[in-house]
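Residue numbers (our numbering): 5 to 356. Here a beta-carbon is modelled for each residue, glycine too, at the ideal position from N, C-alpha and C. Model, not experiment: these values are computed from the prediction.
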């Protein structure tokens, strides 16, 4: 199948949850022998129109990110690529309308991949964008609710979560680096302070902790650990690839999730698959609670004190290193969900 993924931004322009999801989807589709083209603003050197990396063809729409310029040129790029199905990112929302207009002439279904509502997009544009596609893919029930409130129909929305590699989870050795782990980009939504405050409540108990991740708030978090006089027991490890983070999670007993904004809590999912007892601080703009609700080895809290109490209570559970309940989130299972939506939408267009 020829799949066009339309996104002005890629991870080469900015590292966000949306661009990482785009890259991962493109590469997984390419691994399954689909012909995958990402229509984007140019990020590579030279004058070539296309650049291939990791099995994915990146096709220049504009030389640099430009919302208006991209929207006006993307229909011509789609005509060149002639895809069987088009998937478009939800930001900028005006691009969904541009893609939908082009798709009518190409007789090609449009699927929007809706990570979250970016603050840079206008509310009216998002309402138009939610109604335009043939289908909307969302990473969580929280985001599904947001898209429906913007006008998307119930039948048009499909939950497709972020994937993990169960092969990696099963094969990695456990590294006894820390008892308690936090993992996320350390940006303004990380809320790592709640995690550190909970640990400070447990000064008189024996534990070690690790923070995996980097970002603009890392120095503030390290200073907070020093102010709380727990910096000798909390190790800041920076960004780690999955093959380095997974052994640490398998060696840990508890994973804490405190971020205030999380369309899908991918690091929490890795930790759950690694057998961690996982504690989520409930946040209105985070979907993390969806992964632990109803699970024996998961709990919800609303404050650092409750988080501290649950860390202590986690001792009642045995240490585990693999939870096969999360095999449904494996890369292969998730990419099959994308394929299923594509094929259903093409079927509606009369291709099968």
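Sequence-distant Cβ neighbours of residue 190 in its own chain, meaning closer than 8 angstroms and more than five residues away, are 196, 215, 217, 218, 219, 220, 221, 222, 225.
For secondary structure counted as the beta strand (DSSP E) over 3 or more consecutive residues, the stretch 94-135 holds these complete runs in sequence order: 114-117. In this structure, the alpha-carbon of residue 201 lies about 8 angstroms from that of residue 309. Assignment of residue 148 by DSSP, reduced to helix, strand and coil, places it in the helix class. Shown here, residue 320 sits in a helix according to DSSP, grouped into three states. By the Cβ-count criterion, residue 167 is buried, with 16 or more other Cβ atoms from all chains shown falling within 10 Å of its own Cβ.
Membership of residue 212 in any beta strand (DSSP E) is not indicated, and neither H nor E is assigned to it by DSSP. Buried is the label assigned to residue 78, since at least 16 other Cβ atoms lie within 10 Å of its Cβ. A Cβ-Cβ distance of about 13 angstroms is found for the pair residue 90 and residue 65, leaving them out of contact under the 8 angstroms criterion. 62 is the residue among 62, 302, 314, 58 whose C-alpha sits nearest the C-alpha of residue 49. Residue environment: residue 270 is assigned as buried (16 or more neighbouring CB atoms within 10 Å of its CB, all protein chains considered).
A direct Cα-to-Cα measurement between residue 285 and residue 13 gives close to 31 angstroms. Just measuring C-alpha positions, the residue of 298, 325, 34 sitting nearest residue 59 is 34. For residue 227, the enclosing alpha helix (DSSP H) begins and ends at 222-231. Secondary structure in the stretch 148-177: the alpha helix (DSSP H) runs of 4 residues or longer, each lying completely within the stretch, are 170-175 in chain order. One alpha carbon belongs to residue 265, the other to residue 188, and they sit about 11 angstroms apart. DSSP places residue 341 in the uninterrupted alpha helix (DSSP H) bounded by 335-352. Straight across, the Cα-Cα distance linking residue 243 with residue 186 is about 12 angstroms.
In the DSSP assignment, residue 252 falls within the alpha helix (DSSP H) that extends over 246-255. If you draw a 10 Å sphere on the C-beta of residue 227, you find fewer than 16 other C-beta atoms in it, and that means exposed.
Taking C-beta atoms under 8 angstroms as the contact rule, residue 88 and residue 7 qualify, at a distance of about 7 angstroms. Counting other Cβ atoms within 10 Å of its Cβ, residue 317 stays below 16 and is therefore classed as exposed. Excluding residues up to 5 positions away in sequence, 45, 46 lie with their Cβ nearer than 8 angstroms to the Cβ of residue 67 in the same chain.
If you draw a straight line from the Cα of residue 236 to the Cα of residue 230, it is about 8 angstroms long. If you look at residue 32, you'll find it in the alpha helix (DSSP H) that goes 21-35. If only uninterrupted alpha helix (DSSP H) runs of at least 4 residues are considered, those enclosed by the stretch 274-317 are 293-296, 308-317. Burial is judged here by how many other beta carbons sit within 10 angstroms of a residue's own beta carbon; residue 117 has at least 16 and is buried. Where residue 260 is concerned, the enclosing beta strand (DSSP E) starts and stops at 258-261.
Straight-line spacing of the CA atoms in residue 301 and residue 294 works out to 13 angstroms. DSSP places residue 18 in the coil class of the three-state scheme, outside both helix and strand. The shortest CA-to-CA distance from residue 182 to any of 102, 261, 81, 239 is the one to 239.
Taken in chain order, the complete beta strand (DSSP E) segments of 3 or more residues contained in the stretch 31-73 are 39-45, 54-57, 60-66.
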